[in-house]
Amino acid sequence: MIFMMCVSRFGAALKGAGLLCGVSILALSLSIETSRAACAPDPAADGDDIVCTGTSDGFRDDEFDDGTVTVETGAVIDADDQGILVKDDVGITNDGSVGSKDDHAIEGDDDVTVTNNGDIVSVSKDGIHVDKDAVIVNNGTITGGDEGIQAGERSTITNNGSITGDDRGIDAEEDDVTVTNAGSVGAESDGIRVGADGNVTNTADGVINAGDDGIQAGENSRVVNNGKIFAGKEGVNANEYGVTVINNGIINSVDDAINAAGGATIVNTGTLYVTGVQDGIDLDDGNVLNTGTIISVGGEDGIDFDENGTGPSFVTNTGHISGHIGINADEADMADQTILNTGTLIGTGGTAVALRGGNDTLQVGSGSLIDGLIDLGAGNNTFAIIGPVSGVFTLADDSYDVQLNGYNAIYVTPQTGARSALPVSAPAVIAIDSSPFTAIDASVSEFGMDLSQAIGTAPSSDRLFWARAFGGWSDFDAAAMTQGFDLGGGGFVAGRNWDHGNSMLGFFGGGALYGASLDDGVHDTRFLAGFAGLRAARSVAPDTTVSGSVWLGGAEARIESSELASGDGSTTGVIAGFDTGFAYAPAAARFVLEGAAGYNGFFGDTMDLDSLGAVISGVASHHFQASLEAGAPFVLGGGTLPPFLRVEADASTDAGLSATAVGTTIGLGADDVTSGVGIFGGVKFQAMAADSVNISARIAVGTDTNSTLSVDGKLTLTVPF
33 MIFMMCVSRF GAALKGAGLL CGVSILALSL SIETSRAACA PDPAADGDDI VCTGTSDGFR
93 DDEFDDGTVT VETGAVIDAD DQGILVKDDV GITNDGSVGS KDDHAIEGDD DVTVTNNGDI
153 VSVSKDGIHV DKDAVIVNNG TITGGDEGIQ AGERSTITNN GSITGDDRGI DAEEDDVTVT
213 NAGSVGAESD GIRVGADGNV TNTADGVINA GDDGIQAGEN SRVVNNGKIF AGKEGVNANE
273 YGVTVINNGI INSVDDAINA AGGATIVNTG TLYVTGVQDG IDLDDGNVLN TGTIISVGGE
333 DGIDFDENGT GPSFVTNTGH ISGHIGINAD EADMADQTIL NTGTLIGTGG TAVALRGGND
393 TLQVGSGSLI DGLIDLGAGN NTFAIIGPVS GVFTLADDSY DVQLNGYNAI YVTPQTGARS
453 ALPVSAPAVI AIDSSPFTAI DASVSEFGMD LSQAIGTAPS SDRLFWARAF GGWSDFDAAA
513 MTQGFDLGGG GFVAGRNWDH GNSMLGFFGG GALYGASLDD GVHDTRFLAG FAGLRAARSV
573 APDTTVSGSV WLGGAEARIE SSELASGDGS TTGVIAGFDT GFAYAPAAAR FVLEGAAGYN
633 GFFGDTMDLD SLGAVISGVA SHHFQASLEA GAPFVLGGGT LPPFLRVEAD ASTDAGLSAT
693 AVGTTIGLGA DDVTSGVGIF GGVKFQAMAA DSVNISARIA VGTDTNSTLS VDGKLTLTVP
753 F
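In terms of my numbering, the sequence shown opens at residue 33 and continues consecutively.
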């Protein structure tokens, strides 16, 4: 139209004016072309650095190699075909927006590097489509009408932003691909797919939300999930040989949470939660370690071994597994399975373990809680106790090789026991862990030593009332027949003194509570005592005082645990004890020497453990204790602060625990973890407050010959009245 206007206005005779008009037309045409194609240089030579600014329809050269393409911040590529098309060895950086209506938004061949800090959108195809040896880093948003990203073998993909695909989020089904997701991946089909020897990591910040499988992986691949995977089908579908799957996060799926084939290695420290009629873990054979939670609520199993398995399999569970059958093998499975359980294993359908053909083994140790029948199937099968444990383990038949290994247990079969008396109506092993009683014994020992030190050499002053709080904490190591446990507690004692020349008489009373938590995380114990007693002291020299005390009271010992273990039980009894001691504090020397020796005992009644159908007798504890302490007081402000060193000794005996269940009585073997010698270092502080009120405190830390670490403390308030 401009050209026609020039002709009509100037005519053929006005050649000079016509030339000027032609120049104007060319300039306008070039201006329009520059605005439309704002990626320059275009055309480009190999090795050029292409820069896209403004709004354009992109850069397309399927022979362009060894260069770079940069879409600057604020730039927009809006194309019908590819927004960017290159060949090999090209680096692409997008800080703006790249879009395509009918093709891939970005497409390249081999050795292409793409860094996206902006937006990439393809309406109908892939957001990014590249071949082998690609490196893709996404810090922005990628959306594909087909795949979000499609890449070839040996590619590396890192997502810190958002990737969405109407089919798959990331499709890299060739070999040796590495994918790391620290952002979000969403897909109507699969979230991430890699081929053989792939490596997929979903970090703690990563979220995968897929309509089908969360992650698909080929043989010999490694999948690590530290984040969250939500899948309409399988959480991790790695149904190929030699795959390793490690879940430290959350996988929530409708189908199997993890599906693997033979030679698999599966580690779960997080949560696998299956809502459909599928398994938490489905595999042919391999090794499974669960320290987390596996739950299938839809009617299938926690762990399921398929019939295709040929090699031996091993399951170690220290966590929680729950399903219609906790651990199951398909009916046609003929492989060997070995299960080591020190966690919780629940069969909501009534069977906890169902293993079929093969020579199968179930080992139970400390902390093992099993709810349901144990069916080891055909073959030469073994049930073994390998640690101190409590529970009733119900067996499908009496053909198994039952190994108690010297632990406290009763094996009952229809031929050797009165079946009507069994907590279950089948062959069973009733295991009784003596560790809680060892913890009660240690509580009695700690209480006696702490009380003796709290009473100490009673203050001597006319019409004197005194009150003391005491407490301590100890960490006991495991022994051959006994779990380790943490023991802590304390109490309160108050008394009244009367002076008679160089002598003092008085009384006291108080209460104490000590508790232990066993290492299995299942058992807790409580020892509650109330007591009263008499105290006497005499100054035999200006620098030496001797003293003695005696006490009597009542106490309750209690065990609290799961109904799948010991259940709850308690017994009441009498506590009694005495001590004698001395304090030597020469005026001319800057040290204090104190010593004590005595006895503390608990005489308990029998204890019923209903979950085991067992009665425990001989719940008693006797401790002979002695201590020697040396300190070097020095003045600090308005008080004294003497550091000290203390040596303790404990010699304990018991009445001999025994358990009776289904008409059978056995002695309960236990380790003596309290007898021994310990050494403690600590510090005291003593100060006089207003109205002659005396306040003192002390804390000590030490260990003994049983490798027991202990901390104890005292707080004393002395009030004259």
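Where a beta carbon is used, it is the ideal one built from N, C-alpha and C, also for glycine.
Rounded straight-line distance, which links the Cα of I261 to that of G302: Here residue 302 refers to the residue found at position 270 of the sequence shown. Here residue 261 refers to the residue found at position 229 of the sequence shown. Going from the Cα of G302 to the Cα of I261 covers about 12 Å.
V396 versus S643: straight-line alpha-carbon distance, rounded: Start at 1 with the first residue of the sequence shown, and residue 396 comes out as number 364. Start at 1 with the first residue of the sequence shown, and residue 643 comes out as number 611. Distance between the alpha carbons of V396 and S643: 18 Å.
Nearest neighbour of H532, chosen from G699, F524, L496 [CA to CA]: Residue numbering aside, residue 532 sits at position 500 when the sequence shown is read from its first letter. Of the listed residues, the one whose Cα sits closest to H532 is L496.
Exposure label - P675; buried when at least 16 CB within 10 Å: What you label residue 675 is simply residue 643 of the sequence shown in a count that begins at 1. Classification of P675: exposed, given that the 10 Å Cβ count is below 16.
Three-state class that DSSP yields for E478 in the structure shown: Position 446 of the sequence shown, counted from the first residue, corresponds to residue 478. Helix, per DSSP.
Alpha-carbon spacing of L537 relative to G613, whole angstroms: Counting from 1 along the sequence shown, the entry for residue 537 is found at position 505. Counting from 1 along the sequence shown, the entry for residue 613 is found at position 581. Their backbone Cα atoms lie some 15 Å apart in a straight line.
In DSSP terms, what N319 is bridged to: Taking the sequence shown and counting its residues from 1, the one referred to as residue 319 is at position 287. Partner(s): T297, F346.
Three-state secondary structure assigned by DSSP to T426: To locate residue 426, count along the sequence shown from 1; it is residue 394. Strand.
CB contact flag (S194, T210, <9 Å): On the sequence shown, residue 194 is found 162 positions in, with the first residue counted as 1. On the sequence shown, residue 210 is found 178 positions in, with the first residue counted as 1. Not a contact, by the Cβ cut-off of 9 Å.
Contact set for G542: own chain, Cβ-Cβ below 7 Å, skip 5 residues either direction: To locate residue 542, count along the sequence shown from 1; it is residue 510. Cβ neighbours of G542 beyond the five flanking positions: G523, F524, V525, A526, F563.
Residues that D640 bridges to, as DSSP identifies them: For the purposes of this step, residue 640 is identified with residue 608 of the sequence shown, where counting begins at 1. D640 pairs with V647.
Segment contact flag, the region 427-434 with the region 473-482, C-beta cutoff 8 Å, min 3 pairs: no
C-alpha gap between D317 and V277, whole angstroms: On the sequence shown, position 285 is the one that residue 317 refers to. On the sequence shown, position 245 is the one that residue 277 refers to. Taking the straight line joining both Cα atoms gives about 13 Å.
Span separating the alpha-carbon of G585 from that of A561: If you number the sequence shown from 1, residue 585 lands on position 553. If you number the sequence shown from 1, residue 561 lands on position 529. About 7 Å.
For P468, the three-state DSSP class (helix, strand or coil): Sequence index remark: in the sequence shown, residue 468 carries index 436 (1-based). Here P468 sits in helix by DSSP.
Nearest-angstrom Cβ-Cβ length linking S684 and D704, presumed shorter than 8 Å: Counting from one through the sequence shown, the residue named residue 684 turns up at place 652. Counting from one through the sequence shown, the residue named residue 704 turns up at place 672. Yes, S684 and D704 are in contact; Cβ-Cβ is about 6 Å, under 8 Å.
Alpha-carbon to alpha-carbon, G409 and L519: Taking the first residue of the sequence shown as position 1, residue 519 is located at position 487. Taking the first residue of the sequence shown as position 1, residue 409 is located at position 377. In a straight line, the C-alpha of L519 is about 42 Å away from that of G409.
Between the CA atoms of I464 and I579 - distance to the nearest angstrom: Here residue 579 is taken as the residue at index 547 of the sequence shown, counted from 1. Here residue 464 is taken as the residue at index 432 of the sequence shown, counted from 1. According to the sequence provided, residue 579 is Ser. The question's Ile does not apply to it. Going by the C-alpha atoms only, they are around 43 Å apart.
L483, DSSP secondary structure in three states: Start at 1 with the first residue of the sequence shown, and residue 483 comes out as number 451. Here L483 sits in helix by DSSP.
9 Å Cβ cutoff met for S253 and G267: As a first step, residue 253 is located in the sequence shown; it is residue number 221 there, counting from the start. As a first step, residue 267 is located in the sequence shown; it is residue number 235 there, counting from the start. No.
Candidates E185, T102, D556, of which the one nearest N149 by Cα: Position 117 of the sequence shown, counting from 1, holds the residue named residue 149. Taking only the C-alpha atoms, the option nearest N149 is T102.
Beta-bridge partners of Y305, as assigned by DSSP: Start at 1 with the first residue of the sequence shown, and residue 305 comes out as number 273. Y305 is bridged to N284, I327.
Neighbourhood of A619 by C-beta, 8 Å cutoff - its chain only, sequence neighbours within 5 removed: What you label residue 619 is simply residue 587 of the sequence shown in a count that begins at 1. Cβ within range, chain order: P574, D575.
Beta carbon of L321 nearer than 9 Å to that of I298: Along the sequence shown, one-based indexing puts residue 321 at 289. Along the sequence shown, one-based indexing puts residue 298 at 266. A contact, by the Cβ cut-off of 9 Å.
Opposing strand residues paired with N754 [DSSP bridges]: With the chain covering 33 to 753 only, the question about residue 754 has no answer from this structure.
Helix, strand or coil at D703 [DSSP, three-state]: Residue numbering aside, residue 703 sits at position 671 when the sequence shown is read from its first letter. DSSP places D703 in coil when its eight states are reduced to three.
Test item: CB-CB of I189 and A219 under 9 Å: Taking the sequence shown and counting its residues from 1, the one referred to as residue 189 is at position 157. Taking the sequence shown and counting its residues from 1, the one referred to as residue 219 is at position 187. Cβ atoms of I189 and A219: not closer than 9 Å.
Coarse secondary structure for D178, derived from DSSP in three states: Position 146 of the sequence shown holds residue 178. D178: coil per DSSP, three-state reduction.
Counted within 10 angstroms of its Cβ, other Cβ atoms place L668 as buried (16 or more) or exposed: As a position in the sequence shown, residue 668 is number 636, starting the count at 1. Burial call: exposed.
Nearest-angstrom Cα separation, counted from A628 out to V709: Counting from one through the sequence shown, the residue named residue 709 turns up at place 677. Counting from one through the sequence shown, the residue named residue 628 turns up at place 596. Computed Cα separation, rounded: 14 Å.
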